[in-house]
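Some notes on the structure that comes next.
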Amino acid sequence: MHSTDGRVAVLGDALIDEIRTDEGSTDHVGGAGLNVAVGLSRLGVATTLLASIGDDADGESIRAFLAEYDVELVATINPLGTGRAVSLRVDGEPTYVFTDAAVARGLDFSSEQLAVLGAAPVVAVSSYPFDDPALTDRLLRVVGGDPVRLVVDPNPRPGFLPGGAAQIADFAAGFERVAASTLLVKIGDDDAELVAGRSLDDWQEALLAAGTGGVLATRGSAGASLVLARSAEGTDRHDVTRGISSAEGEVVDTMGAGDATFASIVASLLAERREPGSVDWSAALDRAMDVAAATVRAPGALLRLPR
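If you're matching positions, the sequence shown starts at 29 in the numbering used here and goes up one per residue.
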């Protein structure tokens, strides 16, 4: 039995990234949900990951990796096995083809998972199948009420939405329904284009108007912005914008930048919930940008701490 008290719960994908290059193929433990959970642990936050994996060798690799970084796993066993994302690098940027097992990443909401979710002060969601109405309804029933505890990165990668426009519309509807019950959502330029069909700024304002508590908008080379609809005192909204941080060395791999930024802001949200008014959000976004800058200067998606 896993401990639950005070641990952040992360819901999302855990899979094997199969990276193919001209030199050959290598396997790495990955997945957006897993990256966020490990990132939070590296930032000093006790974390439990809820994810779907297979009862197979790849699943054992994921379990061992999470244990190495002190992340507890409460798994849904996927009958299709552990998912894989076959990654091709084009000009340094990853493109993905997902196996059927990776797409079938829903949770069974076992009694152990429900205990973890019930005790979590914050529930972070990354790469959830919002196109599945039943799973979206279940998420809202379990953690969508008062107090608001959800933070969400929709992470709508095209490979998870092979059904085209109809499936994308279902995903958008599910995500936006959940977003109205969140402390904060993270969105990016690519997300806005794929899911919302509008500019990032327009989507941000629409989400805030619909009830989202805050929006972390990642803007690639332009950095990121953070908008909190309500301050700690419940008054005016709070807007912060930061450019990307400088750091020693060349940019090696941008794959983990968004997950690292999200994890850093989630850690700050947790601190704010434990001690309201304790977080300087300008400094928090600075830290998140510093973490992202360190992360992209090493291969892979593992969150790296700034020097």
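For glycine and all other residues, C-beta sits at the position ideal for the given N, C-alpha and C.
None of these values were measured; they are calculated from a predicted model.
Using a Cβ distance threshold of 9 Å, Asp45 and Ser69 do not count as a contacting pair. With contact defined as three or more Cβ pairs closer than 8 Å, the stretch 143-161 and the stretch 182-191 are in contact.
When C-alpha distances from Ser89 are compared across Gly72, Gly59, Val73 and Asp267, the shortest belongs to Gly59.
Of all alpha-carbon atoms in Ala148, Pro327 and Arg270, the one lying nearest the alpha-carbon of Gly277 is that of Pro327. For Ile196, same chain residues with a beta-carbon under 7 Å away, outside a window of 5 residues either side, are Leu189, Leu222 and Val223 in chain order. Straight across, the Cα-Cα distance linking Gly251 with Arg302 is about 28 Å.
Within the stretch 41-82, the beta strand (DSSP E) runs of at least 3 residues that lie entirely inside it are, in chain order, 43-49, 52-58 and 75-81. Rounded to whole angstroms, the Cβ separation of Ser209 and Leu178 is 6 Å, and the two are in contact under 8 Å.
Under the three-state reduction of DSSP, Leu116 is assigned to strand.
Positions of the beta strand (DSSP E) runs, each at least 3 residues long and wholly inside the stretch 135-216, are given as 151-154, 178-181 and 210-216 in order along the chain. Judged by DSSP in its simplified three-state form, Ser292 adopts helix. Look at the beta carbons and you see the stretch 52-66 touching the stretch 281-294: at least three pairs across the two are nearer than 8 Å. Contact between Leu142 and Val170 holds, since their C-beta atoms are separated by about 7 Å, short of 8 Å. Boundaries of the alpha helix (DSSP H) harbouring Ala234: Leu228 to Ala237, taken from the DSSP string.
Bridge partners of Val38 according to DSSP: Leu77 and Ala152.
Residue state for Ala245 is assigned as strand, using DSSP reduced to three classes. Residue pairing by DSSP places Glu100 opposite Thr76 in a beta bridge.
Residue pairing by DSSP places Arg270 opposite Ala252 in a beta bridge. Apart from the 5 residues on each side of it in sequence, Thr282 sits with its Cβ closer than 6 Å to the Cβ of Val324 in its chain, given in chain order.
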